[in-house]
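Respectively, the protein sequence lines represent chains V and X.
Under the UniProt record's numbering, think of the first position of the first sequence as 1, with each following residue one higher.
Under the UniProt record's numbering, think of the first position of the second sequence as 1, with each following residue one higher.
2 protein chains.
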Amino acid sequence: MTERDAEGQALDLRLIRVMRNMASALFGSLERDIDSYGLSAETFQILELLYNKGPHPIQKISDKFSIPSGSITYVVDKLEKKGYVERLPIPGDRRKTNVTLTGEGRSYFDNIFPKHAQTISDNLSFATDEEKLELIAVLKKIGYGISDRQGKGNENENRSDPLS
Amino acid sequence: MTERDAEGQALDLRLIRVMRNMASALFGSLERDIDSYGLSAETFQILELLYNKGPHPIQKISDKFSIPSGSITYVVDKLEKKGYVERLPIPGDRRKTNVTLTGEGRSYFDNIFPKHAQTISDNLSFATDEEKLELIAVLKKIGYGISDRQGKGNENENRSDPLS
DNA sequence: TTAGGATATTAATTCGTCAAGATACAAAAA
DNA sequence: TTTTTGTATCTTGACGAATTAATATCCTAA
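Right under this line is the structure:
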C-alpha cells in the first residue's frame with residue numbers, strides 16, 4: 001500500500017480520532033437506549049432482522065453478525081427464554097434450525113422500534129439533511145473499500161443491499 | 001425532542017446503518033492490526049496516551065476510557081506483566097498510583113505505532129483529503145452534540161482538546 | 001458405503017465487571 | 001488539637017457473559 005506523507009498521515013490520525021469519539025458517543029447512547037428495553041445491541045439487531053426479513057437459519061444469523069458458532073446458541077437461548085423467538089426445524093435439512101419471531105416478539109418490537117428510531121433521530125439531529133447525504137456517500141465509499149479489499153472470498157455477496 | 005417526519009426518519013435509519021457497517025469494517029480492520037501486535041484496542045490506546053502525554057494516575061485512565069474501576073486493575077496488570085508499563089507511587093497522595101511506560105514499552109510502541117498509523121491510512125485511502133476534512137467537521141458536530149446533551153455534569157471539561 | 005463437510009450444541013475456559021473491602025485523605029465537629 | 005464523618009482511590013474475590021474446542025448429528029458426493 002502506498003505510504004502517505006507526514007501531513008496526510010496527520011490528517012488521517014485526526015479523522016480516526018474524531019470517528020472514534022463520535023462512534024463512542026453515538027453508539028454508546030443508542031446502546032443505553034436499547035438496554036432500557038432489556039436487550040443488547042446484538043439481540044436488538046437480530047430481532048430487527050427477523051422482523052423485517054422473516055425467519056432465518058441460525059447459521060445465517062451467526063454469519064451476518066459475525067457471531068461465533070458457539071456463541072449464537074447462547075444468544076438465541078436468551079431470546080427464546082424471553083419468549084421473543086422460537087426455534088423451528090427446517091423441513092428438508094434436519095441439521096438446520098430456523099429462528100422465527102413469536103407473536104410476543106413481534107408485538108414487543110412493534111412497541112420499541114419507533115421509540116428507538118426516535119432516539120436515533122435525536123442523536124443525529126445535529127447534522128443537516130444535506131450533511132447526512134454527504135456522510136452516507138463518503139462513509140459508504142470507505143466501508144466498501146475496506147470490505148472489498150478484505151473479502152477476497154466473498155465477491156458473490158449481496159451487492160444490491162450494500163454493506164448490509 | 002422534536003419528532004421527525006417519515007422521510008427524515010428514513011434518512012436517519014439509512015445513515016445509522018451505513019455508519020454501523022463502516023465502523024464495523026474500519027474498527028474491525030484496525031483491531032485485527034492491533035491484535036497482531038499482541039494488544040487490544042483498549043491497551044493500545046492506553047499505551048498511546050502514556051507515550052504522548054506521560055504518566056497518568058490509574059483513575060485518570062479509568063475515567064478517560066470509561067473503564068470501570070474494578071476492570072482497570074486487571075487491564076494495567078496485563079500491561080505490567082508484559083513489561084510495557086509499571087506502577088509508581090505518587091508522592092503526596094498515597095492513595096494514587098501512577099502508570100508509566102517502561103523503556104521496553106516505549107521502544108515497543110516506537111516500533112508498532114508507525115505500522116499502525118500506516119494501516120489507518122490504508123483504510124482511509126478511499127476518501128479524498130477534502131472529504132476527510134468534511135467528515136471531521138460533521139462528525140465532530142454530531143459527537144459534540146450528543147456528548148454535551150448527556151454530560152450535564154461535565155461542563156468544565158477540556159474543550160481545547162475536544163472529545164478527546 | 002464411506003469420506004468429508006455442514007450445522008448446531010455442550011463443556012471448559014477465559015474475560016471483564018460488580019460489589020465489597022482496605023487504605024488514605026480532607027473537611028467539619030468536638 | 002483530635003476525632004469523626006465523608007469521600008477518593010485502588011484492589012480483591014465472586015460472578016456472569018461470551019468464546020473456544022470438542023462433540024453429536026446430519027447431509028452430499030465420490
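Note that the Cβ used here is the ideal one computed from N, Cα and C, for glycine as well.
Inter-residue CB distance, V:P57 and V:N98 (contact presumed, cutoff 8 Å): As a first step, residue 57 of chain V must be located in the first sequence, where it is residue number 57. As a first step, residue 98 of chain V must be located in the first sequence, where it is residue number 98. V:P57 to V:N98, Cβ: 6 Å. Contact.
Proximal chain X residues relative to V:L135, where beta-carbon distance stays under 7 Å: Stepping through the first sequence from its first residue, residue 135 of chain V is reached at position 135. Using a Cβ-Cβ cut-off of 7 Å, V:L135 is close to L15, V138 of chain X, given in chain order.
Counterpart residues of V:Q56 in DSSP-defined beta bridges: Translated into the one-based positions of the first sequence, residue 56 of chain V becomes position 56. Checking the displayed sequence, the identity of residue 56 of chain V turns out to be His instead of Gln. The secondary-structure analysis by DSSP pairs V:H56 across a beta bridge with V:V99.
Beta carbon proximity, V:I121 to chain X, threshold 8 Å: Numbered from 1 along the first sequence, position 121 holds the residue referred to as residue 121 of chain V. Here the sequence assigns Ser to residue 121 of chain V, which means Ile is not the residue at that position. Closer than 8 Å to some Cβ of chain X, the Cβ of V:S121 qualifies, so yes.
Residue from X:F27, X:G54, X:D122, X:K140 whose Cα sits closest to the Cα of V:Q9: The residue labelled residue 9 of chain V in the question sits at position 9 within the first sequence. The option with the nearest alpha carbon to V:Q9 is X:D122.
Residue environment, X:I90, which counts as buried when at least 16 other CB atoms sit within 10 Å: In the second sequence, residue 90 of chain X corresponds to position 90, counting from 1. Looking at its Cβ environment, which holds fewer than 16 other Cβ atoms inside 10 Å, X:I90 is exposed.
Environment of V:D35 [buried if 16+ CB atoms lie within 10 Å]: Translated into positions along the first sequence, residue 35 of chain V becomes position 35. Looking at its Cβ environment, which holds fewer than 16 other Cβ atoms inside 10 Å, V:D35 is exposed.
Cβ separation of V:L30 and X:V138, assumed to be a contact under 8 Å, to the nearest whole Å: Your numbering for residue 30 of chain V matches position 30 in the first sequence. Your numbering for residue 138 of chain X matches position 138 in the second sequence. The pair is not a contact, with the Cβ atoms about 18 Å apart (cut-off 8 Å).
Presumed contact (8 Å Cβ cut-off) between V:T100 and V:P55, rounded CB distance: By one-based count along the first sequence, residue 100 of chain V stands at place 100. By one-based count along the first sequence, residue 55 of chain V stands at place 55. That pair is a contact at about 4 Å.
Beta carbon proximity, V:E31 to chain X, threshold 8 Å: Taking the first sequence and counting its residues from 1, one reaches residue 31 of chain V at position 31. With 8 Å as the cut-off, V:E31 does not count as an interface residue toward chain X.
Continuous alpha helix (DSSP H) stretch holding V:R17: start and end: The residue given as residue 17 of chain V occupies position 17 in the first sequence. Start and end: 6–35.
Residues sharing a beta bridge with X:P89, DSSP: Against the second sequence, residue 89 of chain X aligns to sequence position 89. X:T97, per the DSSP bridge assignment.
Straight-line Cα distance separating V:D129 from X:E104: The sequence position of residue 104 of chain X within the second sequence is 104, counting from 1. The sequence position of residue 129 of chain V within the first sequence is 129, counting from 1. Taking C-alpha positions only, X:E104 is separated from V:D129 by approximately 49 Å.
Extent of the continuous alpha helix (DSSP H) run through X:S71: Position 71 of the second sequence, counting from 1, holds the residue named residue 71 of chain X. It spans 69–81 - the alpha helix (DSSP H) in which X:S71 sits, taken as one unbroken run.
C-alpha gap between V:I72 and X:G92, whole angstroms: Walking along the first sequence from the start, residue 72 of chain V turns up at place 72. Walking along the second sequence from the start, residue 92 of chain X turns up at place 92. Taking the straight line joining both Cα atoms gives about 51 Å.
Boundaries of the alpha helix (DSSP H) in which V:Y84 is found, first to last residue: Taking the first sequence and counting its residues from 1, one reaches residue 84 of chain V at position 84. First-last for V:Y84: undefined, no H or E at that position.
N- and C-terminal bounds of the alpha helix (DSSP H) containing X:A137: Within the second sequence, the letter at position 137 stands for residue 137 of chain X. That run of the alpha helix (DSSP H) goes 129–150.
Check whether V:Y84 and V:Y108 have beta carbons under 8 Å apart: Within the first sequence, the letter at position 84 stands for residue 84 of chain V. Within the first sequence, the letter at position 108 stands for residue 108 of chain V. Yes, the pair counts as a contact, with Cβ atoms nearer than the cut-off.
Proximity of V:E42 and V:V76 at Cβ, strictly below 8 Å: What you label residue 42 of chain V is simply residue 42 of the first sequence in a count that begins at 1. What you label residue 76 of chain V is simply residue 76 of the first sequence in a count that begins at 1. The Cβ-Cβ distance between V:E42 and V:V76 does not fall below 8 Å.
Residues of the segment 44–60 of chain V whose Cβ lies closer than 7 Å to any Cβ of chain X, in chain order: Correct list: empty, as no residue qualifies.
Pick from X:I46, X:I16, X:L26 that is closest to X:K78, judged by C-alpha positions: The residue given as residue 78 of chain X occupies position 78 in the second sequence. The residue with the shortest Cα to Cα distance from X:K78 is X:I46.
Cβ pair X:L88, V:I142 closer than 8 Å: Counting from one through the second sequence, the residue named residue 88 of chain X turns up at place 88. Counting from one through the first sequence, the residue named residue 142 of chain V turns up at place 142. No; because the gap between Cβ atoms is not below 8 Å, this pair is not in contact.
Under the three-state DSSP convention, the category V:L47 falls into: Numbered from its first residue, the first sequence carries residue 47 of chain V at position 47. The answer is helix: DSSP assigns V:L47 an H, G or I state.
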